[in-house]
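Peer 1: full-length UniProt numbering numbers the first residue of the sequence shown as 1 and each following residue consecutively.
Yeah, the Cβ is synthetic: ideal placement off N, Cα and C, and Gly gets one too.
Let me give you the structure first, and then I'll get to my questions.
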Amino acid sequence: MSNIDQAFINAYADQSSAVDLPRKPPTHGTQRHQPNEAATVRLFGKEVHDGSSVLRFDPPNQTSQPTTTVDAARQQTLSAVAAAQRASFSNADQSEETILLPPLGNDRRPLSAFAAPPRPVQTAFSPAFEVDGFQWPVITDQLLVSTKESLAPIVDSLLANAQNGHALIGLVGTQSGVGCSTVTMCLGRMIAQTGASLAVVDANFSLGNLASSLGLEFDQGWEHVLTGEIPLAECAVHSLADAMTLIPLCGPVESCEERLASIQTSVIAGVLRYHHDIVLVDLGSPLSTQQVSAVHSMVEHCRLDTTIIVAPSGTTDPATADSIESLQKLLGTTCMGVIGNHSA
């Protein structure tokens, strides 16, 4: 049976004898599930109560009365469809399905209200201790008077390298008593006088006496920072008159290789590099295998940019030459040169 025949039967056949034709299921659209309580569907104008649901049917606008029962039913259906289409464009509130949801409670807050506000980031490095000034050894005053002109080019070179990011400088001696700590203190005083922010680190683990040389005494040093016992600032002391910060050791440290191999070593070096223009590291004189291993760990894990060898000035001793050669191999490409200390 063609579609024209079906339309003819629907239009003129008796309503009671109309043939029920199968209908295709809808090809699109979604079904909305009504809640069990207070569900309201507004379709067309008259309210029909069906359990918990309320249906409203709005009457279509009729322009003429049908002459027959079939025409009236057909006209009513067409008018209802047209009215529904007009209502869907003219008044969205009358065509939309309204679903009343259960109350959500009276105490609702946005998720952000439950999160604690972030703490402000502190970018300044604040040493826990301050002193009016360090008590410099007399030998440093004498060297600054006699060798200041000789040390000035070295200071200028270190400052220039620091401008390019080479801020971590290690000093190592060829033998005990050569004056490695003394040269470190002299260079530190000259650098601080230029206005550059400076930190001096005692990394002579065989002695650990740089603080006592400056008239200070500590219960905890940065060896305790390596083990995570205290933060770095808790062992740092800043001299107001000298404009520099000391990172001391409490004394000799045994078996420091394992501590230096931890990530804390790199973190400490990174903090000092970030907050200071130049960091001088007194590595002492590596005479034993343990001390050599400590110097190697400092160079590797602290990422020292520059190293300087301190040796006796004007000596032709073969042992000194061999020591310089061994240190140059240990320090590698970081070695800047040799400073001869005539006061050794």
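Does DSSP put C250 in a helix, in a strand, or in coil?
Peer 2: In the sequence shown, the residue the question calls residue 250 occupies position 250. C250 falls in the coil class under three-state DSSP.
Peer 1: Taking the alpha-carbon positions, what's the V299 to C335 distance?
Peer 2: Locating residue 299 in the sequence shown gives position 299, counting from the first residue. Locating residue 335 in the sequence shown gives position 335, counting from the first residue. The straight-line gap from Cα to Cα measures roughly 11 Å.
Peer 1: What whole-angstrom Cβ distance do S206 and P252 have, given they're in contact under 8 Å?
Peer 2: Here residue 206 corresponds to residue number 206 of the sequence shown, with the count starting at 1. Here residue 252 corresponds to residue number 252 of the sequence shown, with the count starting at 1. Sure, about 6 Å apart at Cβ, within 8 Å.
Peer 1: Please report how far the alpha carbon of L214 lies from the alpha carbon of W136, in whole angstroms.
Peer 2: By 1-based counting over the sequence shown, the position of residue 214 is 214. By 1-based counting over the sequence shown, the position of residue 136 is 136. Answer to the nearest angstrom: the Cα atoms are 5 Å apart.
Peer 1: Give the DSSP bridge partners of P312, in chain order.
Peer 2: Translated into the one-based positions of the sequence shown, residue 312 becomes position 312. For P312, which the question treats as bridged, DSSP gives the partners N341.
Peer 1: Going by Cα to Cα distance, which pick from H166, V172 and I139 is closest to R189?
Peer 2: Working through the sequence shown from its first residue, we reach residue 189 at position 189. It is I139.
Peer 1: Ignoring anything shorter than 3 residues, give me the beta strand (DSSP E) runs that lie fully in the stretch 218-297, in order along the chain.
Peer 2: Counting whole runs of 3 or more residues, the stretch 218-297 contains the beta strand (DSSP E) stretches 237-239, 244-247 and 278-284.
Peer 1: Determine the direct distance from the alpha carbon of H275 to that of F125, and round the result to whole angstroms.
Peer 2: Within the sequence shown, residue 125 is the residue found at index 125, counting from 1. Within the sequence shown, residue 275 is the residue found at index 275, counting from 1. Cα to Cα, F125 sits roughly 6 Å from H275.
Peer 1: Between W222 and the rest of its own chain, which residues show a CB-CB distance below 6 Å, the 5 nearest in sequence each way excluded?
Peer 2: Start at 1 with the first residue of the sequence shown, and residue 222 comes out as number 222. C235 and I247.
Peer 1: Please classify N164: is it buried, with 16 or more other beta-carbons within 10 angstroms of its beta-carbon, or exposed?
Peer 2: Counting from one through the sequence shown, the residue named residue 164 turns up at place 164. When all chains shown are included, N164 counts as exposed.
Peer 1: Mapping DSSP to helix, strand and coil, what is A39?
Peer 2: Your numbering for residue 39 matches position 39 in the sequence shown. Bear in mind that a pLDDT of 44 at A39, under 50, signals an unreliable position, so the model cannot answer this.
Peer 1: Thinking A162 and I278 are a contact (beta carbons under 8 Å), I'd like their distance in whole angstroms, please.
Peer 2: Along the sequence shown, read from residue 1 onward, the residue named residue 162 stands at position 162. Along the sequence shown, read from residue 1 onward, the residue named residue 278 stands at position 278. 5 Å between Cβ atoms; contact.
Peer 1: Determine the contact status of A311 and I339, defining contact as a CB-CB distance below 9 Å.
Peer 2: As a working mapping, residue 311 is identified with position 311 in the sequence shown. As a working mapping, residue 339 is identified with position 339 in the sequence shown. Yes.
Peer 1: Would you give the residue range spanned by the alpha helix (DSSP H) that D156 belongs to?
Peer 2: One-based indexing of the sequence shown puts residue 156 at position 156. Run containing D156: V138 to Q163, per the alpha helix (DSSP H) assignment.
Peer 1: Would you call the CB atoms of C250 and H224 closer than 9 Å?
Peer 2: Numbered from 1 along the sequence shown, position 250 holds the residue referred to as residue 250. Numbered from 1 along the sequence shown, position 224 holds the residue referred to as residue 224. Cβ distance < 9 Å, so C250 and H224 count as in contact.
Peer 1: Among residues of its own chain, excluding the 5 on either side of Q220, which ones have a beta-carbon nearer than 8 Å to its beta-carbon?
Peer 2: Within the sequence shown, numbered from 1, the residue matching residue 220 stands at position 220. Here the set comprises E229, I230, E234, C235 and C250.
Peer 1: Does the beta-carbon of D141 have 16 or more other beta-carbons within 10 angstroms, so that it is buried, or is it exposed?
Peer 2: Position 141 of the sequence shown, counting from 1, holds the residue named residue 141. D141 comes out exposed.
Peer 1: Identify whether G173 lies in helix, strand or coil by the three-state DSSP scheme.
Peer 2: Residue mapping note: residue 173 aligns to position 173 of the sequence shown, counting from 1. Three-state DSSP puts G173 in a strand.
Peer 1: Have a look at S197 and V295 and give me their C-alpha separation to the nearest angstrom.
Peer 2: Position 197 of the sequence shown, counted from the first residue, corresponds to residue 197. Position 295 of the sequence shown, counted from the first residue, corresponds to residue 295. Near 25 Å, if we compare the C-alpha coordinates of V295 and S197.
Peer 1: Per DSSP, L168 forms a beta bridge with which residues?
Peer 2: Here residue 168 is taken as the residue at index 168 of the sequence shown, counted from 1. In DSSP, L168 forms a bridge with V279.
Peer 1: Go through its chain and collect everything with a Cβ distance to T194's Cβ below 8 Å, but skip five positions before and after it.
Peer 2: Locating residue 194 in the sequence shown gives position 194, where the first residue counts as 1. So the qualifying residues of the chain are V155 and L159.
Peer 1: Look at V183 and L143 and say whether their C-beta atoms are less than 9 Å apart.
Peer 2: If you number the sequence shown from 1, residue 183 lands on position 183. If you number the sequence shown from 1, residue 143 lands on position 143. Yes, these two residues count as a Cβ contact at 9 Å.
Peer 1: Count the other CB atoms, across all protein chains shown, that sit within 10 Å of the CB of A321; report buried if there are 16 or more and exposed otherwise.
Peer 2: Here residue 321 corresponds to residue number 321 of the sequence shown, with the count starting at 1. It counts as exposed.
Peer 1: Tell me whether V138 counts as near the ligand PLP, meaning its Cβ is closer than 8 Å to at least one heavy atom of that ligand.
Peer 2: Absent from the structure shown: the ligand PLP. Ligands present: none.
Peer 1: In angstroms with no decimal places, state the Cα-to-Cα distance between S314 and S266.
Peer 2: Within the sequence shown, numbered from 1, the residue matching residue 314 stands at position 314. Within the sequence shown, numbered from 1, the residue matching residue 266 stands at position 266. Strictly speaking, residue 314 in this sequence is Gly, with Ser absent from that position. Cα-Cα distance, rounded: 37 Å.
Peer 1: Hey, A203 and V271 are a contact pair by Cβ (cut 8 Å); roughly how many whole angstroms apart?
Peer 2: For the purposes of this step, residue 203 is taken as the residue at position 203 of the sequence shown. For the purposes of this step, residue 271 is taken as the residue at position 271 of the sequence shown. About 15 Å; that fails the 8 Å criterion.
Peer 1: Would you check if the distance between the CB atom of D317 and the CB atom of A167 is smaller than 9 Å?
Peer 2: Position 317 of the sequence shown holds residue 317. Position 167 of the sequence shown holds residue 167. No, these two residues do not count as a Cβ contact at 9 Å.
Peer 1: Is it right to say T211 is buried, meaning 16 or more other beta carbons lie within 10 angstroms of its own, or is it exposed?
Peer 2: For the purposes of this step, residue 211 is taken as residue 211 along the sequence shown, with counting starting at 1. Before going on, a small fix: residue 211 reads as Ala here, not Thr. With 16 or more other Cβ atoms within 10 Å, it is buried.
Peer 1: Determine the closest residue to S285 out of H301, L330, G133 and I263, with distance taken between C-alpha atoms.
Peer 2: Numbered from 1 along the sequence shown, position 285 holds the residue referred to as residue 285. The candidate whose alpha carbon is nearest that of S285 is L330.
Peer 1: Please classify S323 as buried or exposed, where buried requires at least 16 other C-beta atoms within 10 Å of its C-beta.
Peer 2: Here residue 323 refers to the residue found at position 323 when the sequence shown is read from its first residue. The residue is buried, with at least 16 neighbouring Cβ atoms inside 10 Å.
Peer 1: Report, in whole angstroms, the separation of the C-beta atoms of G170 and T307, which I expect to be a contact under 8 Å.
Peer 2: Counting from 1 along the sequence shown, the entry for residue 170 is found at position 170. Counting from 1 along the sequence shown, the entry for residue 307 is found at position 307. Sure, about 4 Å apart at Cβ, within 8 Å.
Peer 1: DSSP state of L198, grouped into three classes?
Peer 2: Counting from one through the sequence shown, the residue named residue 198 turns up at place 198. Reduced to three states, the DSSP call for L198 is strand.
Peer 1: Using three-state DSSP, classify V131 as helix, strand or coil.
Peer 2: The residue given as residue 131 occupies position 131 in the sequence shown. V131 falls in the strand class under three-state DSSP.
Peer 1: Can you give the Cα-Cα distance for G133 and T245, rounded to whole angstroms?
Peer 2: In the sequence shown, residue 133 corresponds to position 133, counting from 1. In the sequence shown, residue 245 corresponds to position 245, counting from 1. Each residue's Cα considered, the two are about 11 Å apart.
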